[in-house]
Amino acid sequence: MTVALTALGVLALAALLLLVFTLIRRRSPGIFRDIEAYNRLNRAVGHAVEDGTRLHISIGRGSLITPRGGSALAGLAMLRRLSERTSQSDHPPVVTSGDASLAILSQDTLQSGFRVAGAEDQYRFTTGRLTGLTPFAFAAGTLPVIRDENVSANIVLGDLGAESALLVEAADRDNMDLIAASDNLSAQSVLYASSQDPLIGEELFAAGAYVGAGASHEASLQVQDVLRWLVILAILGGAVARFLGFGF
Amino acid sequence: MRIITAVLAIASGLIVLLGYFFPTQLAGVRVLLIDWAIILGGMAVLVGVANLVFVQMEKIRSRHKNGLYGALLIVSLIITFGLGLLFKPDHQYMHAVVNAIIIPVEASLLAILAVTLVYASMRLLRRRADMMSVIFLISAVLLMLALMPTPFGPFPGDQLITFFLGMFSRGGARGLLIGVALGTLLTGLRVLFGVDRPYGGN
Chain A
1 MTVALTALGV
11 LALAALLLLV
21 FTLIRRRSPG
31 IFRDIEAYNR
41 LNRAVGHAVE
51 DGTRLHISIG
61 RGSLITPRGG
71 SALAGLAMLR
81 RLSERTSQSD
91 HPPVVTSGDA
101 SLAILSQDTL
111 QSGFRVAGAE
121 DQYRFTTGRL
131 TGLTPFAFAA
141 GTLPVIRDEN
151 VSANIVLGDL
161 GAESALLVEA
171 ADRDNMDLIA
181 ASDNLSAQSV
191 LYASSQDPLI
201 GEELFAAGAY
211 VGAGASHEAS
221 LQVQDVLRWL
231 VILAILGGAV
241 ARFLGFGF
Chain B
249 MRIITAVLAI
259 ASGLIVLLGY
269 FFPTQLAGVR
279 VLLIDWAIIL
289 GGMAVLVGVA
299 NLVFVQMEKI
309 RSRHKNGLYG
319 ALLIVSLIIT
329 FGLGLLFKPD
339 HQYMHAVVNA
349 IIIPVEASLL
359 AILAVTLVYA
369 SMRLLRRRAD
379 MMSVIFLISA
389 VLLMLALMPT
399 PFGPFPGDQL
409 ITFFLGMFSR
419 GGARGLLIGV
429 ALGTLLTGLR
439 VLFGVDRPYG
449 GN
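Chains as they are written, first to last, in my numbering: chain A, 1 to 248; chain B, 249 to 450.
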């Protein structure tokens, strides 16, 4: 019961802080620290539109009915913004995923982005693809997209495992830009070893704020910072209390 | 229509979330909604497979350079699907499809992955020669030495290495997971508030 009440308290606090910071951010947009991977992402989007090449966005295989769904939702929020920015390009972005419901949502998100950009007639449902239902099937199905579809930059954000190394290797071999992040620890270590500017831990969830997805995304980063400090204080307080002999 | 989808999604999300905190009052509705989600997820697989077929057919129609593989995929899909309907998933033919085709193919990809990872580690210092990369490589090599079986018995100091590296890696992993959990929490709240709507556009 105590755990449930604590969780409810954290949730209510996070919700309240998100509302307050969103209102503040609407008046004064935030200034963020430089994350090289996101700088490269913004450059890659510009180049793709100018060069008439294509962005490949992979949102992983995190099912929305599992706890892995959070990273998939973060990937979809970024996809929404990128589809708005690149819909007028000669080659609209292609999106791959390894979960069927995620593939359907990626199509819907792409279509929404095209609609907002006034280019709905350019939208093709075959640009949101399910490439495989198991980790290796997903990787094997995604490799031809990287290689054969006039792609200039790959953005891989979502729940992936060690198979992400195959995607990184394929992009590296053709000297393509690659921005990759995952919520999975194995994938994070693989990406750290194999990609140019790795995104570690919660940096995955900063994607929306760095591609200009709106005040709520910027506010989310601030709330994460506040909550992180609270967690640090709770850990330190717990350690001190335990040291002093207070058991709980 | 978009408002209705948003209201339905937010209400369902709130009921499922609050069902965890008030199980006696909301458990029934929560379980019902999750069951519906699982059924819809199952149907989504069929839609996803149809999407896969359409994408491959487009490749064949447009004489894409690897369209032949698309044709092979569709034929294999039809044969496997037909066999599954005819003999049911537990039949020996279906087991043979999995054991003789899918498992060996995935095992070969795993072997390629192992080589790819070794190659990536070798190139790490060329790509990013900084202190963290050096620490990363040394830790990985030491841990592998401590864990792998050798013809001469255990590597000297293996337990000390696993204890020492394990202490730091467990701490680091917990820190990363707390960060990921906070990010997931905030992403979920944005969807719950209807700010991010991946289900019908905004």
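Using N, Cα and C, we set each Cβ at its ideal position, and we do this for glycine too.
Since we're looking at a predicted model, the values are computed, not measured.
Minimum Cβ-Cβ distance from residue i to chain E less than 8 angstroms
| i | result |
| --- | --- |
| E163(A) | Absent from the structure is chain E; the protein chains it does hold are A and B. |
Residue environment, residue i, which counts as buried when at least 16 other CB atoms sit within 10 Å
| i | result |
| --- | --- |
| I59(A) | buried |
| V211(A) | buried |
| D172(A) | buried |
| L288(B) | exposed |
| D183(A) | buried |
| R85(A) | buried |
| T432(B) | buried |
| P198(A) | buried |
| D331(A) | Absent from the model: residue 331(A). The displayed extent of chain A is 1 to 248, so no value can be given. |
| G420(B) | exposed |
| N299(B) | buried |
| P397(B) | exposed |
| E36(A) | exposed |
| P135(A) | buried |
| R68(A) | buried |
| R33(A) | exposed |
| A213(A) | buried |
| Q340(B) | exposed |
| G189(B) | Past the edges of chain B, shown from 249 to 450, lies residue 189(B), and the structure says nothing about it. |
| V428(B) | buried |
Cutoff 7 angstroms; reference residue i; Cβ partners in own chain excluding five residues on either side
| i | result |
| --- | --- |
| S195(A) | V168, L178, A180 |
| S381(B) | L372, L373 |
| Q188(A) | S182, I200 |
Supposed close pair residue i, residue j - CB separation, criterion 8 angstroms
| i | j | result |
| --- | --- | --- |
| P93(A) | I57(A) | 6 angstroms |
| A254(B) | G267(B) | With 8 angstroms as the limit, A254(B) and G267(B) do not qualify as a contact, their Cβ atoms being about 20 angstroms apart. |
| D202(A) | L430(B) | It is Glu, not Asp, that sits at residue 202(A) in the sequence shown. Rounded, the Cβ-Cβ distance is 6 angstroms, consistent with contact. |
| I308(B) | G318(B) | 5 angstroms |
| L227(A) | A15(A) | Between A15(A) and L227(A) the Cβ distance is about 12 angstroms, and since that is not below 8 angstroms, they are no contact. |
| S87(A) | Q122(A) | 6 angstroms |
| A72(A) | F205(A) | In fact, because the Cβ distance is near 12 angstroms, the residues do not count as touching under 8 angstroms. |
| S260(B) | L281(B) | 5 angstroms |
| H91(A) | R54(A) | 4 angstroms |
| V190(A) | L365(B) | 7 angstroms |
| G442(B) | G70(A) | Actually they do not touch by this definition, with Cβ atoms about 17 angstroms apart. |
| S220(A) | R438(B) | 6 angstroms |
| V417(B) | A388(B) | Before going on, a small fix: residue 417(B) reads as Ser here, not Val. At roughly 10 angstroms, the Cβ-Cβ gap does not stay under 8 angstroms, so S417(B) and A388(B) are not in contact. |
Cβ-based neighbour list, residue i, same chain, cut-off 6 angstroms, excluding 5 preceding and 5 following
| i | result |
| --- | --- |
| T109(A) | L76, L79, R80 |
| D99(A) | R61, S63 |
| A257(B) | Y447 |
| T131(A) | T96, F138, G141, T142 |
| V277(B) | I263 |
| Y192(A) | P198 |
| R129(A) | T96 |
| E218(A) | R25, G30, A209 |
| Q111(A) | Y123 |
| L265(B) | none |
Proximal residues to residue i (C-beta, below 8 angstroms), its chain only, five neighbours per side dropped
| i | result |
| --- | --- |
| M176(A) | I146, V151, S152, A153, N154 |
| G405(B) | A394 |
| L124(A) | The question names Leu, but residue 124(A) in the sequence shown is Arg. Here the set comprises P92. |
| V10(A) | L227 |
heavy atom of the ligand SAM below 7 angstroms from residue i C-beta
| i | result |
| --- | --- |
| L358(B) | No copy of the ligand SAM appears in this structure; indeed no ligand is present at all. |
Interface residues of the stretch 418-446 of chain B facing chain A [CB-CB below 7 angstroms]: A421, L424, I426, G427, V428, L430, G431, T432, L433, L434, T435, G436, L437, R438, V439, V443, D444, P446
For the stretch 162-182 of chain A, which residues have a CB atom closer than 9 angstroms to at least one CB atom of chain B, in sequence order? Those residues of the stretch 162-182 of chain A that come within reach of chain B (Cβ to Cβ, closer than 9 angstroms) are A162, E163, A165, L166, V168, E169, D172.
Closer than 8 angstroms, Cβ to Cβ, to anything on chain A: give me those residues from the stretch 297-318 of chain B, in chain order. V297, N299, L300, F302, V303, E306, H312, K313, N314, Y317
For the stretch 146-160 of chain A, which residues have a beta carbon sitting closer than 7 angstroms to at least one beta carbon of chain B? D148
Going along the stretch 372-399 of chain B in order, which residues come within less than 9 angstroms of chain A, judged by CB to CB distance? L372, R375, R376, M380, S381, F384, L385, A388
Contacting positions in the stretch 81-102 of chain A - beta carbon closer than 7 angstroms to chain B: A100, S101
Between the stretch 127-140 of chain A and chain B, which residues of the former have CB atoms less than 8 angstroms from a CB of the latter, in chain order? Cβ contacts with chain B come from G128, R129, L130, T131, L133, T134, F136, A137, A139, A140.
Fully enclosed by the stretch 143-229 of chain A, which alpha helix (DSSP H) runs are 4 residues long or longer? 164-173, 185-194, 207-210
Near-chain A residues of the stretch 274-289 of chain B - C-beta to any C-beta below 8 angstroms: I282, A285, I286, L288, G289
To be precise: take each residue of the stretch 216-243 of chain A, compare its Cβ to all Cβ atoms of chain B, and keep it if any distance is under 8 angstroms. Which residues remain? Cβ contacts with chain B: S216, H217, S220, V223, Q224, L227, R228, V231.
Runs of alpha helix (DSSP H) lying entirely within the stretch 41-124 of chain A, each at least 4 residues, in chain order: 69-86, 100-116
Tell me which residues of the stretch 185-199 of chain A have at least one Cβ-Cβ distance to chain B shorter than 9 angstroms, keeping chain order. L185, Q188, S189, V190, Y192, A193, S194, S195, Q196, D197, P198
Interface positions of the stretch 256-271 of chain B facing chain A (Cβ-Cβ less than 7 angstroms), listed along the chain: Those would be F269, in chain order.
Mind listing which residues of the stretch 17-40 of chain A have their C-beta closer than 7 angstroms to chain B's C-betas, in chain order? L18
Let me know the alpha helix (DSSP H) ranges lying completely inside the stretch 272-352 of chain B, each 4 residues or longer, listed in chain order. Segments of the alpha helix (DSSP H) lying fully in the stretch 272-352 of chain B: 315-335, 340-345.
Taking beta-carbon pairs under 9 angstroms, can you tell me which members of the stretch 322-353 of chain B lie near chain A? Residues are counted here when their Cβ sits less than 9 angstroms from a Cβ of chain A; for the stretch 322-353 of chain B these are I350, V353, given in chain order.
Where are the alpha helix (DSSP H) runs, 4 residues long or more, that stay fully inside the stretch 363-421 of chain B, in chain order? Listed in chain order, the complete alpha helix (DSSP H) runs (minimum 4 residues) inside the stretch 363-421 of chain B are 379-395.
Looking at chain B, which residues of the stretch 105-117 of chain A have a Cβ within less than 9 angstroms of any of its Cβ atoms? L105, S106, Q107, D108, T109, Q111, S112, G113, R115, V116
Between the stretch 200-211 of chain A and chain B, which residues of the former have CB atoms less than 9 angstroms from a CB of the latter, in chain order? I200, G201, E202, E203, L204, F205, A206, G208
Using a Cβ cut-off of 9 angstroms, which residues of the stretch 359-372 of chain B contact any Cβ in chain A, in chain order? I360, L361, T364, L365, Y367, A368, S369, R371, L372
Using a Cβ-Cβ cut-off of less than 8 angstroms, list which residues of the stretch 43-54 of chain A approach chain B; keep chain order. none
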